[in-house]
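Here numbering that gives the first Met the number 0 is used: the first residue of the sequence shown is 0, the next is one more, and so on.
Glycine is no exception: its CB is placed at the ideal position from the N, C-alpha and C atoms.
As structure tokens, the structure follows; a few thoughts come after it.
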Amino acid sequence: MFSSRSSSRRRVGIAKLLLLVSLIAALATLLVTWVLVVMFQRKQEARQPFVRVAEVTEISTDPQPWGLNWPHHFDGWKATAGDKFYGGSSALPQSKLETFPWLKRLYAGYAFSLDYREARGHAYMLYDQGVTERVTKKPQAGACLHCHASATVLYRKTGLEALGQPTDDATLAGEFNMPAVIRGFQELSQKPYQEVFARLVTMPDGSPANQKPVFPTPPVGGFTGHMAGAPVDAAHAPIGEAHPVTCIDCHDPTSMAIRVTRPGFVLGIQSLAGGEAPVPHLPSVERWRRGDRKTPYDPNRDATRQELRSFVCGQCHVEYYCGPKSTLTFPWANGLKMEDAERTWEETKFAENEPFMDFAHGETGAPTFKVQHPEFELWSQGVHARSGVSCADCHMPYQRLGAMKVSSHLVRSPLENIAGACQTCHHSSEADLRERIELTQSRNMALLDRAAGAMTAMLDAILEAKAAGVPEETLQDIYDLQRKSTWRLDYVSSENSRGFHAPQEAARILAESIDYSRQAEALALRSRAPAAPNTAELTIEPVEGVSTPEASKSK
């Protein structure tokens, strides 16, 4: 009887064990099946990272159709506006002229002394340009739209018209046609801003006419109803819409491949490649130079993908001339350093051999160069460029979306995304990295303040010399020093990394600015002072420990 019970319990235990094993096997099978299904899905996603549900072509400057095909990229781009788009005069960012009053003296006589504000995200680039008093109260050239608007369709159509070729929508949509784009850019660059903008808003954008743009077009005449100081005639107000820089400005609509579209950059990088300045951070340029050079350097043909991740940013975040006396120009013929650009401008002549300058300084009358925003150039002098780190690696770092690895299109400061932008390479805590970045920037700002102080002292001394009646011919050498000083100060203050892109280079440039300011100040003070007394009769004690020439002869 006892044996029978024991046998029964064993059978029950075996049955339970078998049931448990079956359950584990079933769960394991489900788990393996789920893993295989997910792997298959991810492989499919990797093979086909997007589904083309909308057709985009070379006229699709409106980003909304692109957003149907590439929603993650589109959402990131829209996020550059913040939680929503903030328009109107009350939403404009802080004035730099109020934060740094010395800027008014630096830019005296130039439109930047009227209105100069902190930058907002890419979403605002066209809107904020359209309402700044630099445009609404001072005449500007159409070249200003080269970087603030999606203007390649306008350039292509204008270029085709100048070349006597068809300009129908089918032709515009068919191919990019860089020669036509360059020709149109050259045709429009020196025309008035309002005229070029009025034509821009009439261009086809690949969307229905009644579809509202993602971000609003700037109000005509800004917030005052004026443009370049004159009232806007309502009968001549532009009808249509324009877009800030959008998908088509950096991507091929067929393949989504990165590409350069800005004619100013194409011509600028060709002049850089054709020169002899070393560019070790741009291996494709060095490789092209070693070739036969039969065809000009073409970034879309010759550059690596990693280089293009900086070139697309360098289309706009650079120094250039964008005034009415010449076609927009990148000063890269002599290289990418600060003094290379300065030398290029010194060698440049306008029509009838007129020496190049951006403006005559409003206080002293000195010919002055105005720096734009040379982020690409300063980055080129830094350790990140030498290490092969692109602009996009820090400002648009890669992120994982399912099986896809995509660049974040929420273009922003790396300080807002240290984990994605910095810790990929730097294995330190976020707090440590932030402290190091902010220390670098604070040191740059402290040196910038000292350079600004030297600049204002220089201007005061020059004005005193002029008031004392010092002749203009005597002041010419002082004006040259003033130009060198303000060029260097402006170079660092207009560059938006606060020196971080190349801290040592930024410090060197500011040190030179201080030196030139003090030299100009000293010359200005001496020019109005009485003649210096003769110091030859003064008794001077010889330096102890150093043999005088007489003592050496006696030995």
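Annotation for A501: L377, Q380, G381 place their beta carbon closer than 6 Å to its own, counting only its chain and skipping 5 residues before and after. Assignment of K211 by DSSP, reduced to helix, strand and coil, places it in the coil class.
The three-state secondary structure of L400, taken from DSSP, is strand. Counting of Cβ neighbours within 10 angstroms places D392 among the buried residues, the total reaching 16 or more. Here R198 has L153 as same chain residues with Cβ atoms under 7 Å from its own Cβ, once five neighbours each way along the sequence are excluded. Contact between V317 and P373 holds: CB atoms are separated by about 6 Å, below the 8 Å threshold. Leaving aside the five residues that flank G86 on each side, the residues in its chain whose CB is nearer than 8 Å to its CB run, in chain order, Y126, P215.
Between M124 and P243, the C-beta spacing is below 9 Å.
For V405, the beta-bridge partners assigned by DSSP are Q398. Within its own chain, the residues whose Cβ lies closer than 6 Å to the Cβ of Y478, once the five positions on either side in sequence are excluded, are A365, listed in chain order. Beta-bridge analysis with DSSP links M226 to A229.
Remark: three or more beta-carbon pairs, one from each stretch, lie closer than 8 Å, so the stretch 479-491 and the stretch 354-369 are flagged as touching. Judged by pairs of C-beta atoms under 8 Å, the stretch 346-358 does not touch the stretch 282-298, as fewer than three such pairs exist. Where F349 is concerned, there is no enclosing alpha helix (DSSP H), because DSSP gives it neither an H nor an E. Bounds of the alpha helix (DSSP H) holding G263 are 262-273. The alpha carbon of E463 has as its nearest neighbour, out of M403, R487, H394, R525, the alpha carbon of R525.
The DSSP-derived three-state label of Y123 is helix. In the structure shown, R51 falls within a coil segment according to DSSP collapsed to helix, strand and coil. Look at I257 here: in three-state DSSP terms it is strand. Put simply, the backbone Cα of P138 is about 18 Å away from that of Y319.
Straight across, the Cα-Cα distance linking S492 with E472 is about 31 Å. Rounded to whole angstroms, the Cβ separation of G108 and G361 is 3 Å, and the two are in contact under 8 Å. Under the three-state reduction of DSSP output, A460 falls in the helix class. Your pair P212 and E57 does not check out as a contact, with CB atoms roughly 19 Å apart and the cut at 8 Å. Secondary structure of A140 (DSSP, three-state): strand. Taking the Cα positions, T79 is about 16 Å away from Q128. A residue is called buried once 16 or more other Cβ atoms fall within 10 Å of its Cβ, and N533, having fewer, is exposed.
R288 and T328 have their C-alpha atoms roughly 22 Å apart. Non-local C-beta neighbours of A531 in its own chain, meaning closer than 8 Å and more than five positions away in sequence, comprise R525, ordered along the chain. Counted as a single uninterrupted DSSP element, the alpha helix (DSSP H) harbouring F184 occupies residues 177-187. Taking 9 Å as the cut-off, the beta carbon of M454 is found closer than this to the beta carbon of L105. Under DSSP, T367 forms a beta bridge with F358. Straight-line measurement puts the Cα of Q518 at about 15 Å from the Cα of L488. G334 is a Cβ neighbour of A276, given a cutoff of 9 Å.
One alpha carbon belongs to L113, the other to V134, and they sit about 10 Å apart. Inclusion of S441 and C390 in the CB contact set at 9 Å is not warranted, their separation being larger than that value.
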